[in-house]
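Peer 1: The structure under discussion is supplied below as structure tokens; questions concerning it will follow.
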Amino acid sequence: MSGAPSVLYDAPGPKAKVRNTVYSVVFLVVLAAAAWFVLAALGNKDQLTAKMWSPFVDGGTWTEYLIPGLGTTLLAAVLAIVIALPVGAIFGIARLSEHVWIRVPAGVLVELFRAIPVLMLMLFSNFFYVWYTDIDSDIRPLFAVVTGLVLYNGSVLAEVFRAGISSLPRGQSEAAYALGLRKTQTMLTILLPQAVTVMLPAIVSQLVVVVKDTALGSTILSFSDLLSNYRILSANYGNTIPTLIVIGVIYVVVNMVVTRLAAMLERRMSRRGRSTARPEGPASTTAVPMADLPVADPL
Amino acid sequence: MDFLSNYDLLGAFWVTVQLTFWSAIGALVWGVVLAGMRVSPVWLMRAFATAYVNVVRNTPLTLLVVASSLGLYQTLGVSLTTDTTTSAIDITNFRLSVLAFILYTGTFVSEAVRSGINTVPVGQAEAARALGLGFFQTLTIVVLPQALRSVVAPLASVLIALTKNTTVASAIGVAEAAVLMRTMIENEGQAGTLVFLVFALGFVILTLPVGLLLGWLSQKVAVKR
Numbered sequence: 001m002s003g004a005p006s007v008l009y010d011a012p013g014p015k016a017k018v019r020n021t022v023y024s025v026v027f028l029v030v031l032a033a034a035a036w037f038v039l040a041a042l043g044n045k046d047q048l049t050a051k052m053w054s055p056f057v058d059g060g061t062w063t064e065y066l067i068p069g070l071g072t073t074l075l076a077a078v079l080a081i082v083i084a085l086p087v088g089a090i091f092g093i094a095r096l097s098e099h100v101w102i103r104v105p106a107g108v109l110v111e112l113f114r115a116i117p118v119l120m121l122m123l124f125s126n127f128f129y130v131w132y133t134d135i136d137s138d139i140r141p142l143f144a145v146v147t148g149l150v151l152y153n154g155s156v157l158a159e160v161f162r163a164g165i166s167s168l169p170r171g172q173s174e175a176a177y178a179l180g181l182r183k184t185q186t187m188l189t190i191l192l193p194q195a196v197t198v199m200l201p202a203i204v205s206q207l208v209v210v211v212k213d214t215a216l217g218s219t220i221l222s223f224s225d226l227l228s229n230y231r232i233l234s235a236n237y238g239n240t241i242p243t244l245i246v247i248g249v250i251y252v253v254v255n256m257v258v259t260r261l262a263a264m265l266e267r268r269m270s271r272r273g274r275s276t277a278r279p280e281g282p283a284s285t286t287a288v289p290m291a292d293l294p295v296a297d298p299l
Numbered sequence: 300m301d302f303l304s305n306y307d308l309l310g311a312f313w314v315t316v317q318l319t320f321w322s323a324i325g326a327l328v329w330g331v332v333l334a335g336m337r338v339s340p341v342w343l344m345r346a347f348a349t350a351y352v353n354v355v356r357n358t359p360l361t362l363l364v365v366a367s368s369l370g371l372y373q374t375l376g377v378s379l380t381t382d383t384t385t386s387a388i389d390i391t392n393f394r395l396s397v398l399a400f401i402l403y404t405g406t407f408v409s410e411a412v413r414s415g416i417n418t419v420p421v422g423q424a425e426a427a428r429a430l431g432l433g434f435f436q437t438l439t440i441v442v443l444p445q446a447l448r449s450v451v452a453p454l455a456s457v458l459i460a461l462t463k464n465t466t467v468a469s470a471i472g473v474a475e476a477a478v479l480m481r482t483m484i485e486n487e488g489q490a491g492t493l494v495f496l497v498f499a500l501g502f503v504i505l506t507l508p509v510g511l512l513l514g515w516l517s518q519k520v521a522v523k524r
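Right under this line is the structure:
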């Protein structure tokens, strides 16, 4: 949105400039009224007093609750994505198999786990660990949260991998077969590395979904992550709203950093894509551009 | 299988369906408004909508749902109902979670609609402007109808994600499917696997037809170019 006029409107002339300024002022007044209304409501319930916010100036709150909570959240998210990656790759490849007895069951599993809410997967994993394993109850919530996330994101990543592999030009595997490579070798040494490179930005942005979903564990499984700290802090200081706002800001900052990282990777990939010599003409159009690949489910 | 009849399975899924229905309508309206603001010539509206989408999309839905209950209702006393009978808390929690779903899902609808606006050829908007239509007319008469038709498929996946997300309402005690599943698994011991499969099947039944129907619809209504 830098100066260049949009498709929908011309570069404003003198009249339009005045009109836009009027709209801006009206909108500003509406926003200010809404902000004042919210602040007044908060003020009425004593949510704006220094006492409510002082815990967040105190370093102890951060070192005791918020930073360890963030650590657990990130641990669960990273574990989930690291385990889900190979699972997703295996199922993505299985769905492309030539054998019906591999392709169909893999497809059914992937579609099933994509249809079940993550919360239910976490709940069930928790009970599963209670019945069939003797995992210590301190660490069980982490196991349940990670298992639920792996089952769901594994199936989402399987689709991402499938799309990534299918987006490669056919010539890649044909050349590999011509060189005498087996199907497995072609997949592992030629197709998969390229697919991972193409899909890397999508995989990183899936991390945002995973970070957000770890928060499910805190309400249903007493998983002690970043969100669960609202209970301790608001019990200690009676500052529910400030706590929820601070925790929300931390989540937003973390996720924006991850999004930025994904965008950076995407730029680097596309730069590399240009520098690699690609055959000119219609042959190069068989590769599906990144933008056409399905993005992961928004959750 | 007998114990299944002891529980109100259909009732729980009916709450899930109601949550999804009201949230979907609200999110569609709010999402289109947000998308309109994001492409508008007024700088402040664009800035507000962009900031809103980026912040809310990166917030966990669970946090929004919890905040709507603890923050809005219990701290600020916003109860969203004038009912004073014993069911008032249930109604309030239902409406608060619908509000949270609308605020959250609206951002994804907005992103989908905005990408749809980009698929409308520049010439269309130019022609509309040449006819003397203003921004609002161009957007609502020419661009949005085409944009919405081309984003039926992405909106379908947003709707499916929303259907699954309604289980988060269990965090503030709305008696939908996830709450019943938890109770049933707790009560039925190791038959819990069966319970899980029943609920899994329930969600497949809810989401699969929606996906197929809207997939078919997106083919049918898409503007062929």
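If you're matching them up, the sequences are chains A and B in order. Numbering-wise (the working numbering), the first sequence opens with residue 1 and increments by one. Numbering-wise (the working numbering), the second sequence opens with residue 300 and increments by one. Backbone N, C-alpha and C fix where the C-beta goes; we use that ideal spot for every residue, glycine too. Only a predicted model underlies this, so the values are computations on that prediction, with no experimental measurement involved.
Does the region 145-153 of chain A come close enough to the region 178-188 of chain A to have 3 or more Cβ pairs within less than 8 Å?
Peer 2: Result no; under three Cβ-Cβ pairs closer than 8 Å.
Peer 1: With a threshold of 16 other CB atoms inside 10 Å of the CB of PRO289 of chain A, please say whether the residue is buried or exposed.
Peer 2: Here the model assigns PRO289 of chain A a pLDDT of 39, short of 50, so the residue's position is not dependable, and the following value carries that caveat. Answer is exposed; the Cβ neighbour count stays below 16.
Peer 1: Please report the Cβ distance between ASN392 of chain B and GLY310 of chain B, rounded to the nearest whole angstrom; I am assuming they are in contact, meaning their Cβ atoms lie under 8 Å.
Peer 2: About 16 Å; that fails the 8 Å criterion.
Peer 1: Is there a C-beta anywhere in chain B that falls below 9 Å from the one on TRP131 of chain A?
Peer 2: Yes, because at least one Cβ of chain B sits closer than 9 Å to the Cβ of TRP131 of chain A.
Peer 1: Distance cutoff 9 Å, beta carbons only. Does THR276 of chain A sit that close to anything in chain B?
Peer 2: With a pLDDT of 38 at THR276 of chain A, under the threshold of 50, the modelled position of that residue is not reliable, and no figure is offered here.
Peer 1: DSSP three-state label for GLU475 of chain B, please.
Peer 2: In this structure, GLU475 of chain B counts as coil in the three-state DSSP scheme.
Peer 1: Does DSSP put THR374 of chain B in a helix, a strand or coil?
Peer 2: The answer is helix: DSSP assigns THR374 of chain B an H, G or I state.
Peer 1: For ALA277 of chain A, which three-state DSSP category applies?
Peer 2: Note on ALA277 of chain A: pLDDT 36, under 50, position unreliable in the model; no value is reported.
Peer 1: So, using beta-carbon positions, are GLY335 of chain B and THR240 of chain A closer together than 9 Å?
Peer 2: For GLY335 of chain B and THR240 of chain A, no; Cβs fall outside 9 Å.
Peer 1: When the cut-off is 9 Å and only beta carbons count, does TYR251 of chain A lie next to chain B?
Peer 2: Yes, TYR251 of chain A lies at the interface with chain B (some Cβ there is under 9 Å from its Cβ).
Peer 1: When the distance is taken between beta carbons, is PHE347 of chain B closer than 9 Å to PHE37 of chain A?
Peer 2: No, the pair does not count as a contact, with Cβ atoms beyond the cut-off.
Peer 1: Thinking just about the alpha-carbon of each residue, which of B:ALA474, B:ALA460, B:VAL497 is nearest to the one in GLY510 of chain B?
Peer 2: Nearest C-alpha to GLY510 of chain B: B:ALA460.
Peer 1: Thinking just about the alpha-carbon of each residue, which of A:LEU109, A:ILE93, A:MET120, A:VAL258 is nearest to the one in SER358 of chain A?
Peer 2: In the structure displayed, chain A extends from 1 to 299; residue 358 of chain A sits before or after that span and is not available.
Peer 1: Establish whether the CB of PHE127 of chain A and some CB of chain B are separated by less than 9 Å.
Peer 2: Judged by the 9 Å Cβ criterion, PHE127 of chain A is in contact with chain B.
Peer 1: Identify each residue in the region 42-63 of chain A for which the Cβ-Cβ distance to at least one residue of chain B is less than 9 Å, and report them in chain order.
Peer 2: Listed by position along the chain: LEU42, ASN44, LYS45, GLN47.
Peer 1: Should LEU308 of chain B be flagged as near chain A, meaning a C-beta pair shorter than 9 Å?
Peer 2: False, the Cβ-Cβ gap to chain A never drops below 9 Å.
Peer 1: Can you tell me the Cα-Cα spacing of PRO14 of chain A and SER414 of chain B, whole angstroms?
Peer 2: Computed Cα separation, rounded: 30 Å.
Peer 1: Have a look at LEU432 of chain B and ILE388 of chain B and give me their C-alpha separation to the nearest angstrom.
Peer 2: So the alpha carbons of these two residues sit roughly 49 Å apart.
Peer 1: How about THR391 of chain B: is its C-beta nearer than 9 Å to some C-beta of chain A?
Peer 2: No, no contact with chain A.
Peer 1: Using a threshold of 9 Å, state whether the C-beta atoms of VAL364 of chain B and LEU327 of chain B are closer than that.
Peer 2: Not in contact: VAL364 of chain B and LEU327 of chain B (Cβ atoms no closer than 9 Å).
Peer 1: Whose C-beta lies closer than 6 Å to the C-beta of GLY69 of chain A among residues of the same chain, with five residues either side of it excluded?
Peer 2: Only ASP225, LEU226, ASN229 meet the Cβ criterion.
Peer 1: If we cut at 9 Å on Cβ distances, does ASN464 of chain B have a partner in chain A?
Peer 2: By this cut-off, ASN464 of chain B is an interface position.
Peer 1: With burial defined as no fewer than 16 other Cβ atoms inside 10 Å of the residue's Cβ, what is the status of GLU485 of chain B: buried or exposed?
Peer 2: It counts as exposed.
Peer 1: Quick one: Cα of ARG278 of chain A to Cα of VAL196 of chain A, how far?
Peer 2: With a pLDDT of only 39 at ARG278 of chain A, under the threshold of 50, the placement of this residue in the model should not be trusted, and no figure is reported.
Peer 1: Output needed in chain order: residues of the region 469-489 of chain B with a Cβ under 9 Å from some Cβ in chain A.
Peer 2: If the cut-off is 9 Å between Cβ atoms, the region 469-489 of chain B has SER469, ALA470, ILE471, ALA476, ALA477, MET480, ARG481, ILE484, GLU485, GLY488, GLN489 near chain A.
Peer 1: Can you tell which of B:LYS463, B:PHE498, B:MET483, B:GLU410 has its C-alpha closest to the C-alpha of ASN305 of chain B?
Peer 2: Measuring from the Cα of ASN305 of chain B, the nearest candidate turns out to be B:MET483.
Peer 1: So which of A:ALA215, A:ALA11, A:TYR9, A:LEU265 has the shortest CA-CA distance to VAL118 of chain A?
Peer 2: When only C-alpha atoms are compared, the closest one is A:ALA215.
Peer 1: Buried or exposed for LEU505 of chain B, going by 16 or more other Cβ atoms inside 10 Å?
Peer 2: Classification of LEU505 of chain B: buried, given that the 10 Å Cβ count is 16 or more.
Peer 1: Are the C-beta atoms of SER222 of chain A and some chain B residue less than 9 Å apart?
Peer 2: Not closer than 9 Å to any Cβ of chain B, the Cβ of SER222 of chain A fails to qualify, so no.
Peer 1: Going by other Cβ atoms of all chains shown within 10 Å of its Cβ, with 16 needed for buried, is ARG274 of chain A buried or exposed?
Peer 2: For ARG274 of chain A, the predicted structure reports a pLDDT of 43, less than 50, and the residue's modelled location is therefore unreliable. The matter cannot be settled from this model.
Peer 1: Thinking C-alpha only, which one of B:ALA455, B:ARG448, B:VAL494, B:PHE407 is nearest ALA521 of chain B?
Peer 2: Here the closest residue by C-alpha is B:ARG448.
Peer 1: State the Cα-Cα distance for the pair LEU157 of chain A and LEU261 of chain A, rounded to the nearest angstrom.
Peer 2: Taking the straight line from one Cα to the other gives about 18 Å.
Peer 1: Compute the beta-carbon to beta-carbon distance between VAL355 of chain B and TYR403 of chain B, rounded to the nearest angstrom, for a pair I have assumed lies under 8 Å.
Peer 2: Indeed, because the Cβ distance is near 6 Å, the residues count as touching under 8 Å.
Peer 1: Three-state secondary structure (DSSP) at SER449 of chain B?
Peer 2: DSSP places SER449 of chain B in helix when its eight states are reduced to three.
Peer 1: Using a 10 Å radius around the Cβ and a threshold of 16 neighbouring Cβ atoms, would you call GLY491 of chain B buried or exposed?
Peer 2: Buried, by the Cβ-count rule.
Peer 1: Within a Cβ cutoff of 8 Å, which residues of the same chain sit near ALA424 of chain B, ignoring the five residues on either side of it in sequence?
Peer 2: Once the five neighbours on either side are set aside, the close Cβ partners of ALA424 of chain B are THR437, VAL441, VAL442.
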